[in-house]
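In the numbering used here, the protein residues as written are -6 to 542.
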Amino acid sequence: MAEAKPVNIMYQNLISDIDSGRVKIPQFQREYVWSKEDAAKLIDSVLRGYPIGTFILWKTRDTLRSIRDIGGLKLKDAPEGDSVYYVLDGQQRITSLYAGIKGVSIKRENFKNKKVNIIEDFSQIYINLTAEENDEQIVVTNIDMLNEMQYISLKELLDANFTQIFRKFTHDELINQIETYRTKIQNYQFSVVELTNAPIEVATEVFTRLNTGGKTLTVFEIMSAKMYDEENSFDLAEKHDEFLADLETNRFGAISNTVVLQLISLILNKDCAKKSILSTNKVDFIEIWDKTIDATKSTIDYFRTFYRIPVSGLLPYDSLLVPFAYFFYFNNSKKPDDFQRKWLQDYFWRCCLTSRFSSGVESKMAQDIKKIESILSKEEPEQLGGIDVSLSSLEQNGRFTVGRAYIKALICILSYHEPKSFDDGAKVILDNDHLKMSTSKNYHHFFPRAYLSKKKIDEDRINHIANITLVDDFLNKQKIRDKAPSVYMKEYVAGNENIVKTMRSHLIDDLDTWGIWTDEYDMFFNKRLAAIQKELKERLIINQYDRVE
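Shown next as structure tokens:
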């Protein structure tokens, strides 16, 4: 059982533990942010004998992923077999003390320009030997108004021997003051609470509760610390970064870092709740990592080829990757056969159109892998309830906003046909940067909003998925603008000899009978809605509980 034991540590012991590598900053701590002026104020409090707060240290023999030593300085590794003290609370204070006492330079983030780091020289912390203790700060960083006989650097105060001090300072009063200040620091007892016999889940919970900056640790941050294995060169955070870099190279884009954790937990534990993820055995986790990543990549390739979802931004839910990757993991990354493909597709669209993963994700995934296991065994799975893809339901739920999984699913239908540019039939390039916002110029209202607004059409009917086409930015912004379809489409018909094929890539079948030349929006709206419905019905295995009329 975890124990919290209060102790006092002398200056020399604290510095020695840091020097020896026994005090470390865990990966889930934020960066060092204090300036040397902040450090000077802290050390000033030490000289005055003021309390500076308690350090909370987690004592453990576990090896965690430590992204930096104290202050980012390269220090020794802890002696093999020794306990390590991970700083749960007090990182800024411990780092400031150590940097000032050692007189080192530390690189930290520039909050005004995060691309540029600030390097601060902590050797420029001084003791004002002439300061009036009741009225002035003793520890300072600015010595412009002092002569060299009136100050001594903190590092020199603690490191210089008395022969050196006698040579520099001739007044007994100053020498006595130096000795007094040195003794105050060396005799200062730092208040520490040692957390012992605590697993990482408890240590990170303690950190979360202590943290005053409002930072709650994510499951991924905890697992990155817990799964670190120096002997096997396994660093979860680095491995996941490599995986994401590969996705970026292939222009798919980033996915949530919970996907792989949930997948591994489902494979090993048949459950992916936080508790199950955190209880995953490290050896087992590392052993299946590569195969899990291969299965996830196979899933993404499948989504891009079979469903023609080109980028992660179009996925209704990142969570959809998990059950499919579970399938590929146990299918040894082989593509599904005809039976499996049909049932996986039905599952995919039912998840999207019922907003399945908008809540209760972990419990639903645990339920759904039973369906995936049935599909792996080539048995008909239990379907996800009844679904309504009637025209009235599509009309009612089709308000266009890319933040809704339902609408993202319907955009996937549009992207499946690899939409072509109206003017030359070239493929429209879809990427995450263009698809993040509903106001993106890649989302074109075929009957322009400005045009329909003049006709007093209701906004919900104007801004509807049935009126959305995917076009390139230039076409939307520079050419179409607020023109009526009967006006702007004449230009494209004249200039694009493949205009019929082009328009079919947008699920617009017949310019002559869809009300386009007569600017009849209701006719266009109803026909486009029916075209979208037809696509959905082709992707579902319709049952008696579904509504499709």
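We put the beta carbon where it would ideally sit given N, CA and C, even for glycine.
Item to check | Burial state of C138 (16 or more Cβ within 10 Å) | outcome: Before going further, note that residue 138 is Met rather than Cys in the sequence given. So M138 ends up on the exposed side.
Checklist entry - Are the beta-carbon atoms belonging to L40 and K177 less than 7 angstroms from one another? => result yes
Checklist entry - Which runs of the alpha helix (DSSP H) fall wholly inside the stretch 5 to 86 and span at least 4 residues, in chain order? => result 29 to 40
Item to check | Exposure label - E126; buried when at least 16 CB within 10 Å | outcome: exposed
Next on the checklist: Using C-beta distances below 8 angstroms, list every residue in its chain close to A318, excluding the 5 sequence neighbours before and after it, in chain order.
Outcome noted: V252, L256, T285, A288, T289, S291, T292
Next on the checklist: Does the structure place the stretch 256 to 267 close enough to the stretch 230 to 245 that three or more beta carbon pairs sit under 8 angstroms?
Outcome noted: no
Item to check | Option nearest T123 by Cα separation, candidates E166, D114, I461 | outcome: E166
Checklist entry - Does the stretch 408 to 426 come within contact of the stretch 452 to 467, defined as at least 3 CB pairs closer than 8 angstroms? => result yes
Next on the checklist: Taking the straight line between their C-alpha atoms, what separation do you get for H437 and T211?
Outcome noted: 38 angstroms
Checklist entry - Are the Cβ atoms of Y144 and Y174 separated by less than 7 angstroms? => result no
Next on the checklist: According to DSSP, R540 sits in a beta bridge with which residue or residues?
Outcome noted: D381
Item to check | Three-state secondary structure (DSSP) of R101 | outcome: strand
Checklist entry - At which residues does the alpha helix (DSSP H) containing Y549 begin and terminate? => result There is simply no residue 549 to check, as the chain begins at -6 and stops at 542 in what is shown.
Next on the checklist: Between I36 and V132, how many whole angstroms is the CB-CB distance? I'm expecting something under 8 angstroms.
Outcome noted: 5 angstroms
Next on the checklist: I want to know whether the stretch 354 to 367 touches the stretch 397 to 407 - three or more CB-CB distances under 8 angstroms.
Outcome noted: no
Item to check | DSSP-derived helix/strand/coil call for A523 | outcome: helix
Item to check | For I461 and L240, the rounded distance between their alpha carbons | outcome: 28 angstroms
Checklist entry - Quick one: is I94 near chain C, going by C-beta distance under 7 angstroms? => result Within the model displayed, chain C is absent; a lone protein chain is all it includes.
Item to check | Nearest residue (CA-CA) to R521, options V493, A459, T506, S498 | outcome: A459
Item to check | Neighbour-count burial assignment, S370, 16 or more Cβ in a 10 Å radius | outcome: exposed
Checklist entry - Mapping DSSP to helix, strand and coil, what is A(-3)? => result strand
Next on the checklist: Considering only their Cβ atoms, is the gap separating Y25 from K52 smaller than 7 angstroms?
Outcome noted: no
Next on the checklist: Based on DSSP bridge pairs, tell me the residues matched to D114.
Outcome noted: S98
Item to check | Runs of alpha helix (DSSP H) lying entirely within the stretch 476 to 514, each at least 4 residues, in chain order | outcome: 478 to 488, 492 to 497
Next on the checklist: Taking 7 angstroms as the limit between beta carbons, can you name the residues of its chain near T273, skipping five residues before and five after?
Outcome noted: I257, S258, L261, N262
Next on the checklist: Less than 7 angstroms between the beta carbons of S386 and E542, yes or no?
Outcome noted: no
Checklist entry - Taking the alpha carbon of L57 as the point to measure from, which residue in S76, G42, Y43 has its own alpha carbon closest? => result S76
Item to check | Element boundaries [alpha helix (DSSP H), containing E366] | outcome: 354 to 369
Checklist entry - In the DSSP assignment, what are the bridge partners of L387? => result L387 is not bridged to any residue.
Next on the checklist: So the candidates are D152, T134, N121; which of them puts its Cα closest to the Cα of M142?
Outcome noted: N121
Item to check | Residues bridged to Q182 (per DSSP) | outcome: M3
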